[in-house]
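Going by this note's numbering, the first residue of the sequence shown is number 109, and it counts up by one from there.
We put the CB at the ideal spot given by N, CA and C, even for glycine.
Fair warning: this is a prediction, and the values are worked out from it, not measured in the lab.
Scroll down for the structure; my scribbles are underneath it.
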Amino acid sequence: MQNYLLEIEKDPRMAQHHQEILRTEKISTTNDIFAKKLLSRKTILIDFLNAVLDRNDEKKILDLTYNNSEILGLTSDDKTSRLDITCTLASGEKVNLEIQVLNEKAWIERSLVYWSRLYTYNLKRGSKYKNIAAVICIHLLKFNLFDAVKNPKPHSKAKLCNLEDGKPITDLMEFHFLELRKFSKKRISSMSRAEKWLAFFSGKLSGEDEILMKKDKIFDEALNLRNEFVKDPDEYLAYLKREMELMDYDNALYEAGLDGEARGIEKGKVEGIAESDYNKVKTLIEKKGHSLESALDLLDISKERWSEIESILKKIQK
């Protein structure tokens, strides 16, 4: 116990993060070290899937089998905190759940690649096409994938559709994008099951909310697991190290963005992006009734980036 605390104290940032966790009694539930432990509980994963996929009655998921992502070729060595869980439902359907913390610009493209790998894997030699099971991809994202003004809802669903009437032509392809930044907190009593999971993963639950959530058997299990997780020295230290890696990676991306003009990005493009972001914030405030803080959070714009935008626009207006 003492050794792991000494290791935390060696890194000032890690020590500060540790103190913040002690103060708030909260951790990031999207951290892949914790999320993997959480979603390895079959009862919890089944409940989450039933909520997100809106499965009930005869379509309700009762059992599933975890699959090895390495066998499916779905592992990666990138540094952007991606958790991959693949499972097969009793119906034969394949489900791939990913949690992504940092923004990935080509997320749609890589989502299609993952879907195609799972779909192809379903096709056994000698089997008939009509026997291929559906593949459902669920993406839990800590950034905005779609424009927050045009598409403010946190849960977007996609299927292969007929452009003429908008109706799906097949159920074999299905995507769910859960954008946590777009989730707006409301009373627990008025939340759907899926919204409660969004509240859990978005970190927007107050202590009072958690007391109410713990009346539910599954959420009681999830919250207890979170509380026990920080008491395990090995798991907690791995969690903190992962958080530091994410901070380093995020800072590197931010600094690269600030340095973009010096690296040859046209000044007009930099100004255009700043003006576009400014107008989006203005629209949310003036037409949707958001506060500045709420608008920035919804659009995934940091306060530092907002100050930079204001600075750029002031220079343009001179």
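Open item on the list: Does Lys265 come out as helix, strand or coil in the three-state DSSP assignment?
Closed with: strand
Open item on the list: Can you tell me which residues form a DSSP beta bridge with Leu248?
Closed with: Ile207, Leu286
- [ ] Look at the alpha carbon of Pro276 and the alpha carbon of Cys269, and state the distance between them as a whole number of angstroms.
- [x] 4 Å
Open item on the list: Measuring only the C-alpha atoms, how far is Gly397 from Ile319?
Closed with: Straight-line Cα distance between these residues: approximately 30 Å.
Open item on the list: Check whether the stretch 115-128 and the stretch 303-319 are in contact - that is, three or more C-beta pairs closer than 8 Å.
Closed with: no
Task: Nearest-angstrom Cα separation, counted from Lys145 out to Thr196 - done: Spanning the alpha carbons of Thr196 and Lys145 requires a straight line of approximately 19 Å.
- [ ] Could you have a look at Lys167 and say whether DSSP puts it in helix, strand or coil?
- [x] helix
TODO: Determine the DSSP secondary structure at Val160, reduced to helix, strand or coil.
DONE: helix
TODO: Please classify Pro276: does DSSP put it in a helix, a strand, or coil?
DONE: Reduced to three states, the DSSP call for Pro276 is strand.
Open item on the list: Is it buried or exposed, Glu201, if we count other Cβ atoms within 10 angstroms and call 16 or more buried?
Closed with: buried
Open item on the list: Taking the beta carbon of Asn252 as the centre, do at least 16 other beta carbons fall within 10 Å, making it buried, or is it exposed?
Closed with: buried
TODO: Could you give the DSSP three-state label for Met352: helix, strand or coil?
DONE: helix
Task: Nearest-angstrom Cα separation, counted from Ile420 out to Arg413 - done: 10 Å
Open item on the list: Whole angstroms are fine: how far does the CA of Tyr386 sit from the CA of Lys323?
Closed with: 43 Å
Task: Glu383 versus Thr391 - alpha carbon distance - done: Just so you know, the alpha carbons of Glu383 and Thr391 end up roughly 12 Å apart.
TODO: Could you tell me whether the stretch 248-263 touches the stretch 289-308, using the rule of 3 or more Cβ pairs below 8 Å?
DONE: yes
- [ ] Please state whether DSSP places Asn270 in a helix, a strand or coil.
- [x] Of the three classes helix, strand and coil, the one that applies to Asn270 here is coil, per DSSP.
- [ ] With DSSP as the reference, label Asn230 as helix, strand or coil.
- [x] helix
Task: Burial state of Glu394, where buried means 16 or more other Cβ atoms lie within 10 Å - done: Counting the other CB atoms within 10 Å of its CB gives Glu394 a total below 16, which places it among the exposed residues.
Open item on the list: Could you compute how far the alpha carbon of Asn164 sits from the alpha carbon of Ala256?
Closed with: 30 Å
Open item on the list: Let's test the definition: count the other Cβ atoms within 10 Å of the Cβ of Leu220 and tell me whether it reaches 16, buried, or not, exposed.
Closed with: exposed
Open item on the list: Using only CA atoms, which one of Ser298, Asn335, Asn175 lies nearest to Ser148?
Closed with: Asn175
Open item on the list: In the DSSP assignment, the alpha helix (DSSP H) including Asn332 goes from what residue to what residue?
Closed with: 325-337
Task: Distance CB(Thr138)-CB(Ile207) smaller than 8 Å - done: yes
- [ ] For Asp405, collect the residues of the same chain with a Cβ closer than 8 Å to its Cβ; drop the 5 residues on either side in sequence, then sort them by chain order.
- [x] Cβ within range, chain order: Arg289.
Open item on the list: In the DSSP output, what is Thr137 paired with across the bridge?
Closed with: Beta-bridge pairing links Thr137 to no other residue.
Open item on the list: Considering only their Cβ atoms, is the gap separating Lys258 from Met281 smaller than 8 Å?
Closed with: In this structure, Lys258 does not lie closer than 8 Å to Met281 by Cβ.
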